[in-house]
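Here the structure comes first, spelled out in structure tokens, and everything after it is commentary.
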Amino acid sequence: MSKQHFIRRNHCLQILLAMLVSAIFVLPGHLAAQTKSNWDIPFTNALPGDSLVPLLSLVDRTLQGELERGLKRNEHWRQMIAEKKMAVGVVDLRDRAHIRYARVNGTEMMYAASLPKIAILLAVIDAIDKKELPESQEILTDMKLMISVSDNEASTRLIDRVGYEKIERVLCNPKYKLYDIACGGGLWVGKRYAADGRRYPDPLEGLSHAASVDAVCKYYYMLINGKLVNYRRSKQMLDIMVDPALHHKFVNTLDQKTPQAKMFRKSGSWENFHSDSILVWGPRRRYILCALLEDPDGEQILRDLVNVIEYVLRIQGA
Numbered sequence: 324m325s326k327q328h329f330i331r332r333n334h335c336l337q338i339l340l341a342m343l344v345s346a347i348f349v350l351p352g353h354l355a356a357q358t359k360s361n362w363d364i365p366f367t368n369a370l371p372g373d374s375l376v377p378l379l380s381l382v383d384r385t386l387q388g389e390l391e392r393g394l395k396r397n398e399h400w401r402q403m404i405a406e407k408k409m410a411v412g413v414v415d416l417r418d419r420a421h422i423r424y425a426r427v428n429g430t431e432m433m434y435a436a437s438l439p440k441i442a443i444l445l446a447v448i449d450a451i452d453k454k455e456l457p458e459s460q461e462i463l464t465d466m467k468l469m470i471s472v473s474d475n476e477a478s479t480r481l482i483d484r485v486g487y488e489k490i491e492r493v494l495c496n497p498k499y500k501l502y503d504i505a506c507g508g509g510l511w512v513g514k515r516y517a518a519d520g521r522r523y524p525d526p527l528e529g530l531s532h533a534a535s536v537d538a539v540c541k542y543y544y545m546l547i548n549g550k551l552v553n554y555r556r557s558k559q560m561l562d563i564m565v566d567p568a569l570h571h572k573f574v575n576t577l578d579q580k581t582p583q584a585k586m587f588r589k590s591g592s593w594e595n596f597h598s599d600s601i602l603v604w605g606p607r608r609r610y611i612l613c614a615l616l617e618d619p620d621g622e623q624i625l626r627d628l629v630n631v632i633e634y635v636l637r638i639q640g641a
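Right, here's the structure in full:
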């Protein structure tokens, strides 16, 4: 199969998925339903006003050692980590009183393709909450298309609605610090997901779509605690991120291991750059996982990584 034919086929599949999701989300009454949760995750904090322990203060020495050993058993992965072409972060959420975090190359900012669309989602939800944008059916549908099937046209429309400067202000907001120059950067969106338009690269590396695992894990950690925008809007964002339509990378493996678990997810790929991020919530599995890779076999590595992480977390069975 030629590269051109492969690209055209994938493009057609993406369009079909977008049409299906769009059809679902224009059903009457969906606008009101956006404020209702269709999952049963209890936020880690009981009250919306509670303060949140910083994720970096939850780095666990035992989990950190297990993660490093688990990843470095693979010679190729060990080389990628040394060359800063592989970054992994995991947050163990099973014990609400003892949340644990571990990461490798946590502050290393890498090109992350579509994964940073979660930053657009946050900026748009923030704008809606501040009444800078209407909570219209069109915008709600575009947010779902952007996250569930990674639709580039929907993503670009949302970027155009809020602008790069708004996205930057939200990411750099002191209550989030999802992009922090003092910590190596983080999440960044500085280009439309289209061929045209100006670039607004990040100040440190000049990247247009970037992430670090520290920033992405922090995003999910704050989200599940109701700390992105506010408690209600965090639930709304989780509703948008639940049940991904694309079943590759992490989801491909998790579909087989735990089909009953709820998954909240955003991934990205472009050429040799592959990334994935997920919140897994099931009977035995409650964790956040993020990985950023630069490798031609990144898709398979991400599938295999789930098994290594579950071994590190000592998760057994379905």
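Numbering-wise (the working numbering), the sequence shown opens with residue 324 and increments by one. Cβ coordinates follow ideal geometry from the N, Cα and C atoms, glycine included.
Apart from the five residues on each side of it in sequence, which residues of its chain come closer than 7 Å, Cβ to Cβ, to residue i?
i	result
L381	I422, R423 and Y424
V552	I448, D449 and D452
G486	none
L615	A410, M433, A435, A534, V536 and S598
R556	I448 and D452
D627	none
Check the DSSP bridge columns for residue i and list the partner residues they point to.
i	result
D599	S590 and A614
G549	Answer is none; G549 lacks a bridge partner.
G283	What is shown of the chain runs 324 to 641, which leaves residue 283 out entirely.
H532	V512
K585	W604
M466	Its beta-bridge partners do not exist; DSSP assigns none.
Check for me: the alpha helix (DSSP H) holding residue i runs from which residue to which?
i	result
D415	Not the alpha helix (DSSP H): D415 falls in the beta strand (DSSP E), residues M409 to D415.
G621	G621 to V635
V493	Y487 to C495
K558	Y554 to M564
H399	E398 to A405
G388	R384 to K395
L580	As written in the sequence, residue 580 is Lys, which differs from the Leu given in the question. Per DSSP, K580 belongs to the alpha helix (DSSP H) from F573 to K580.
V447	K440 to D452
Where do the N-terminal and C-terminal ends of the beta strand (DSSP E) with residue i fall, by residue?
i	result
R426	R423 to V427
Can you find the residues in the same chain that come closer than 8 Å, C-beta to C-beta, to residue i, ignoring five residues on each side of it along the sequence?
i	result
S360	Its pLDDT being 49, under 50, S360 is placed unreliably in this model, and the coordinates cannot settle the point.
G605	T581, Q583, A584 and K585
Rank the options by C-alpha distance to the C-alpha of residue i and give the top, closest one.
i	options	result
M433	T581, A538 and F573	A538
S642	Y543, L577, K550 and S471	Given a span of 324 to 641 for the chain in the structure shown, any question on residue 642 remains unanswerable.
R588	C613, N595 and F596	C613
P567	W511, R401, Q460 and I470	I470
K514	G508, L501, G507 and S531	S531
E455	L438, P439, K440 and L481	L481
Short of 6 Å in beta carbon distance, which residues of its chain neighbour residue i, apart from the five on each side in sequence? Order them along the chain.
i	result
F348	Confidence is the limiting factor: at F348 the pLDDT is only 38, short of 50, which leaves the residue's position unreliable, though a coordinate-based value still follows. Closer than 6 Å at the Cβ level, and outside the excluded window around F348, lie T464 and K467.
L378	Y424, K541 and Y544
V635	E389, L390 and G393
T576	R626 and V629
Practice task
Specify whether the region 523-533 and the region 409-423 touch according to this definition: at least 3 beta carbon pairs, one from each stretch, less than 8 Å apart.
Solution key: no
Exercise for the section: Give a yes or no on contact between the region 493-511 and the region 465-474, applying the rule of three or more CB pairs nearer than 8 Å. Expected result: no
Handout entry: the region 388-406 in contact with the region 468-478 per 3-pair CB rule at 8 Å
Key = no
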